[in-house]
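See structure below.
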Amino acid sequence: MAILSFLTSLAGAVMLLLFAVRMVRTGIERSYGATFQRLLTEQRSLVQASFVGVGMAIVLQSSAAVALLTSGFAAGGMLSFASGLAIVLGGDLGSALIIQLLSFRLDWLVPVLLAVGGYLFVKVEAKKARQMGRILMGIAFILISLRFLREAMDPIRESAFLPAIAEYLARDYITAFLVGAALAFVMHSSVAAILMCVTLVQIDAIPFAAGLSLVLGANFGSAFIPVWLSRGMPAPGRRIPLANLGLRGTWAVLCLFGVNMALRAGVLGAPEGGQTLVYAHLLFNTSLLILALPFCGMLHGVLTGLVPNPATPQDTAHGMPVSVLNTDDYRQPNQAISSLKRELLRMSDLVSAMFRPVPDLYQHGDRTQIRAVQALDREVNNCLSGIRSYVAGMPSEGFGKENAKVARDLVEYAIRLETAGDVVDERLATLATSMHKKGVRFSKEGWAEITRMHEVIVANMQLASNVLISDDLESARLLSLEKTEVKRMERDSRKRHLRRLQRGAAESFESSDIHLETLRALREFNSHIAAIAYPILYRNGQLLETRLIQDMPAEEMD
347 MAILSFLTSL
357 AGAVMLLLFA
367 VRMVRTGIER
377 SYGATFQRLL
387 TEQRSLVQAS
397 FVGVGMAIVL
407 QSSAAVALLT
417 SGFAAGGMLS
427 FASGLAIVLG
437 GDLGSALIIQ
447 LLSFRLDWLV
457 PVLLAVGGYL
467 FVKVEAKKAR
477 QMGRILMGIA
487 FILISLRFLR
497 EAMDPIRESA
507 FLPAIAEYLA
517 RDYITAFLVG
527 AALAFVMHSS
537 VAAILMCVTL
547 VQIDAIPFAA
557 GLSLVLGANF
567 GSAFIPVWLS
577 RGMPAPGRRI
587 PLANLGLRGT
597 WAVLCLFGVN
607 MALRAGVLGA
617 PEGGQTLVYA
627 HLLFNTSLLI
637 LALPFCGMLH
647 GVLTGLVPNP
657 ATPQDTAHGM
667 PVSVLNTDDY
677 RQPNQAISSL
687 KRELLRMSDL
697 VSAMFRPVPD
707 LYQHGDRTQI
717 RAVQALDREV
727 NNCLSGIRSY
737 VAGMPSEGFG
747 KENAKVARDL
757 VEYAIRLETA
767 GDVVDERLAT
777 LATSMHKKGV
787 RFSKEGWAEI
797 TRMHEVIVAN
807 MQLASNVLIS
817 DDLESARLLS
827 LEKTEVKRME
837 RDSRKRHLRR
847 LQRGAAESFE
857 SSDIHLETLR
867 ALREFNSHIA
877 AIAYPILYRN
887 GQLLETRLIQ
897 DMPAEEMD
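Its first residue numbered 347, the sequence shown is counted upward by one per residue in our numbering.
Here is the structure:
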């Protein structure tokens, strides 16, 4: 009975810890996710890139999240292999710094975090304030889960069961290493796994030597997480996690044998305590970063040989896959809808490829880039034609009213995507050309407002793709809220621009028409992208048909 109670308490504490880490990461991604692309993809030295990784991991509280973001940008051609690998290595060090902070006994802070975080999340309507409340409550839950974990170990600490296991892990450090690796991979969080190991050492549930082997194994296991999660990405996106796994695994195995032999020979004395284990974890990640950073560029050729680019078929255009629509799928309505969504996802990727370089068009006015955007717009138009023909050819019998309604909604979204492409081609690209012909420049404040708005919309495009695939109600609600946020950003930027004109700012006066028209175009583009959320919100009763008041009092209508 004691064992069952222990396992139940342990499982509850671990799940709360995983939930809390995810809660913090989600709050930060929703508040500041739009700036991640700019931070990760700016050109910089490898040392600077590693510091970016450190900062990103501290913010996200997850080295795996940093690795996945980096892999995604590398897969899209926006980040080089060497810079990406440096960011991932820095992310592992940042994750270790988070563990150092959370390993302190901060139970006194829990009520404050819950009170402030709960108030912000429940009582405040502003988006960023609510997400800050989510972050504060997540940190409080992490501290609570660690206290639960310590309390769960108390009943069996003096039993014969735990000391026997602890002694075995201390003797057989290879098994301890493998257990730590499995623990980190199963929990999908190196922070949670290592915090658990540190807590076990702090309360003397396991000896330091066993804890050290577990932590080294957790470092190795955590490197498998991004490898597993990025397995469906294009080859450039898979290379960085694999390189990190090779470097981290090699160094972890070398440290495992070296440190355990040194401990048994008495060279390192008799270290003990959870804080010493945290220092060892920090030392492992710092030394790995220092040793591996010079080799980041050299490993590119090796990983390209291991994970080569697939041969590109002759009938693809601009590196994008050909249409997946197949009339044979009509016999299976669900398969036909899935094919339609895949084609819409391809169309969305094309529109995204048009929109992402908009800041470069404004800064450089490169004719080659503008022609490339126009060529992609023709591909988008072809996608829409194919989707309309595909849906028009769907049989009226045997397809079902619900599937037919879904197909019509997807055609409506395809039309919105095509219109979004036109906004880039006919308005934003034209404005960029006009700007360079006239030789005008935005003010520093005005350009910052436009680039910030662009970053938010890029993040919204990724969210819209997720909504398209998953039909998730929460994501659809978030996308709709982000549309309102972009509307607010456009309004605020317009007001600030007009105030700059009143102050007589010369740059703002010269670029006034282009600035205001760019804001309108960006807002319109985002509205088309966010339209994928409407059918889901309507189906779940989350969206009104009209914002007009339906029942007016009789005296007000006279």
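Cβ atoms here follow ideal geometry from the backbone N, Cα and C, with glycine treated the same way. Since the structure is predicted, the reported quantities are computational estimates derived from the model, not experimental observations.
Per DSSP, Met799 is one residue of the alpha helix (DSSP H) stretching across 790–816. When secondary structure is reduced to three states using DSSP, Ile552 falls in the coil class, being assigned neither helix nor strand. Our two residues, Tyr465 and Gln681, have alpha carbons roughly 46 Å apart in a direct line. With 16 or more neighbouring CB atoms inside 10 Å of its own CB, Arg480 falls in the buried class. Nearest neighbour of Ala879 by Cα position, chosen from Arg577, Val752, Ile549, turns out to be Val752.
Ranked by Cα distance from Phe701, the first of Ala616, Thr765, His843 is Thr765.
Distances from the alpha-carbon of Gly746 to those of Ile571, Tyr676, Leu774 put Tyr676 closest.
For Val405, the secondary structure class from DSSP, reduced to helix, strand or coil, is helix. The three-state reading of DSSP puts Leu593 in helix, counting H, G and I together. Here the alpha carbons of Ser408 and Thr545 stand approximately 19 Å from one another.
Residue burial annotation: Glu743 is exposed, with fewer than 16 other C-beta atoms found within 10 angstroms of its C-beta. Residue state for Ala569 is assigned as helix, using DSSP reduced to three classes. Each of Ala475, Ala411, Val367 was checked against the Cα of Leu448, and the nearest Cα belongs to Val367.
A check of alpha carbon separations from Met740 across Val704, Val648, Arg834, Ile683 identifies Ile683 as the nearest.
The C-beta separation of Ala699 from Leu671 comes to about 20 Å, leaving the pair out of contact by the 8 Å criterion.
Sequence-distant partners of Arg517 (beyond 5 residues in either direction) whose C-beta falls short of 7 Å from its own C-beta are missing from its chain. Ranked by Cα distance from Asn590, the first of Val605, Ala569, Leu600 is Ala569. Contact annotation: Asn565 and Gly620 have beta-carbon atoms that are not nearer than 9 Å.
Across the set Ala778, Leu489, Ala718, the C-alpha of Leu489 shows the shortest separation from the C-alpha of Pro457.
When C-beta atoms of the stretch 769–785 are compared with those of the stretch 868–878, three or more pairs fall below 8 Å, so the two segments count as touching. In the structure shown, Met579 falls within a coil segment according to DSSP collapsed to helix, strand and coil. Counting only residues of its own chain and dropping the five nearest sequence neighbours on each side, Ser559 has a CB closer than 6 Å to the CB of Tyr519, Ala522, Phe523. By the neighbour-count criterion, in which 16 or more other beta carbons inside 10 Å mark a residue as buried, Trp597 falls on the buried side. Rounded to whole angstroms, the Cβ separation of Leu707 and Ala760 is 25 Å, and the two are not in contact under 8 Å. With respect to Val370, Ile445 sits apart: the two C-beta atoms are not nearer than 9 Å. When secondary structure is reduced to three states using DSSP, Pro457 falls in the helix class. By the Cβ-count criterion, Leu686 is buried, with 16 or more other Cβ atoms from all chains shown falling within 10 Å of its own Cβ. Its chain contains Ser576, Val653 as the residues whose beta carbon lies nearer than 6 Å to that of Arg584, once the 5 sequence neighbours on both sides are disregarded; these appear in chain order. Within the stretch 454–493, complete alpha helix (DSSP H) segments of at least 4 residues are found at 456–469, given in chain order. Annotated three-state conformation of Gly619 is coil, per DSSP. Out of Gly436, Met533, Thr416, Val726, the CA that lies nearest to the CA of Phe365 is found in Met533. Around the CB of Ser816, fewer than 16 other CB atoms lie within 10 Å, so the residue is classed as exposed. The shortest C-alpha to C-alpha distance from Pro881 to any of Phe419, Glu748, Val605 is the one to Glu748.
Each residue's CA atom was taken as its position, placing Gly557 and Leu482 some 29 Å apart. Annotated as proximal: Val769 and His874, with beta-carbon spacing under 9 Å.
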